[in-house]
Amino acid sequence: KAGVTQTPRYLIKTRGQQVTLSCSPISGHRSVSWYQQTPGQGLQFLFEYFSETQRNKGNFPGRFSGRQFSNSRSEMNVSTLELGDSALYLCASSLTPSAGGSYNEQFFGPGTRLTVL
Amino acid sequence: AQKVTQAQTEISVVEKEDVTLDCVYETRDTTYYLFWYKQPPSGELVFLIRRNSFDEQNEISGRYSWNFQKSTSSFNFTITASQVVDSAVYFCALSLVSGNTPLVFGKGTRLSVIA
Chain V
1 KAGVTQTPRY LIKTRGQQVT LSCSPISGHR SVSWYQQTPG QGLQFLFEYF
51 SETQRNKGNF PGRFSGRQFS NSRSEMNVST LELGDSALYL CASSLTPSAG
101 GSYNEQFFGP GTRLTVL
Chain C
1001 AQKVTQAQTE ISVVEKEDVT LDCVYETRDT TYYLFWYKQP PSGELVFLIR
1051 RNSFDEQNEI SGRYSWNFQK STSSFNFTIT ASQVVDSAVY FCALSLVSGN
1101 TPLVFGKGTR LSVIA
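From first to last, the protein sequence lines stand for chains V and C. So for the first sequence, the working numbering puts the first residue at 1; every next one is plus one. So for the second sequence, the working numbering puts the first residue at 1001; every next one is plus one.
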């Protein structure tokens, strides 16, 4: 069974540009969550999508957005990039929403390392 | 709000030594899950264990063991007879059972096992 895949694995952009990252969940998983990992802030939750609807959102500015397609693949977009957006962006998938009620293990992808110059 | 603290930023041990990674959490909820994840250099987080707040039994899995103590809000992780392959960043995380709260991670502990 293929794991969570993220593309691209590495990305270099300049300030002011925008970027789109892609995540393909494990087959059959309908929930996709995004996290930002930086040395200073650690792992922070960005948002979660389930059945093409944003179910939860972390404390990030509106420059960070995402969407999910009918095949459960997800993209996240960051507009007007800032130096502080340099980070490892991790995607995780689970069968159903990961938070609340029943436990659903999240499986993480290898991440996309974004460098903003 | 929930919080997870991993006070040890970096730990370095010699192979075959035992090492304990500390995790202290804060939450007002009485039902929650606690997790440990391993992040090798490749980047992906690898799930190690989940513990329900109602289950304070310690768990052992091979060289790994976990000590959950609600009285001290701690969920510590011990690796016995460490190996070079254990070198990674380890994260402790908390998730509430009720509501719609996502995983809250600690800042992680970087473990280096030296041959």
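Note that the Cβ used here is the ideal one computed from N, Cα and C, for glycine as well.
- [ ] Take the Cβ of residue 1014 of chain C as the centre, count every other Cβ of all protein chains shown within 10 Å, and call the residue buried at 16 or more, exposed below.
- [x] Exposed: under 16 other Cβ atoms inside 10 Å.
Margin query: If I measure Cβ to Cβ from residue 73 of chain V and keep anything under 6 angstroms in the same chain, skipping five residues before and after, which residues do I get?
Written below: Here the set comprises 24.
Using CA atoms only, rank isn't needed, just tell me which of C/1045, C/1102 and C/1056 is closest to residue 1068 of chain C. The residue among C/1045, C/1102 and C/1056 with its C-alpha nearest the C-alpha of residue 1068 of chain C is C/1056.
Just to confirm the assignment, what range does the beta strand (DSSP E) spanning residue 66 of chain V have? Taken as a continuous stretch (DSSP letters only), the beta strand (DSSP E) holding residue 66 of chain V covers 64-68.
task: Measure from the C-beta of residue 951 of chain C to each C-beta in chain V and report whether the shortest distance is under 8 angstroms.
output: As shown, chain C starts at 1001 and ends at 1115. That puts residue 951 of chain C outside it, with no answer to give.
If residue 1113 of chain C sits next to residue 1082 of chain C, beta carbons under 8 angstroms apart, how far is it from one beta carbon to the other, in whole angstroms?
-> That pair is a contact at about 5 angstroms.
**Item:** Simplified DSSP state of residue 38 of chain V, which is helix, strand or coil
**Value:** Three-state result, residue 38 of chain V: strand.
inquiry  = Quick check: is the beta carbon of residue 48 of chain V nearer than 8 angstroms to any beta carbon in chain C?
reply    = At least one CB atom of chain C sits nearer than 8 angstroms to the CB of residue 48 of chain V.
For the beta strand (DSSP E) containing residue 1034 of chain C, name the first residue and the last one.
Per DSSP, residue 1034 of chain C is one residue of the beta strand (DSSP E) stretching across 1032-1039.
Checklist entry - Going by alpha carbons, who is nearest to residue 1023 of chain C out of C/1030, C/1034 and C/1029? => result Distances from the alpha-carbon of residue 1023 of chain C to those of C/1030, C/1034 and C/1029 put C/1034 closest.
>> Give me, in chain order, the residues of the same chain whose beta-carbon lies closer than 8 angstroms to that of residue 11 of chain V; leave out the 5 immediate sequence neighbours on both sides.
In response: Cβ within range, chain order: 19, 21, 112, 113, 114 and 115.
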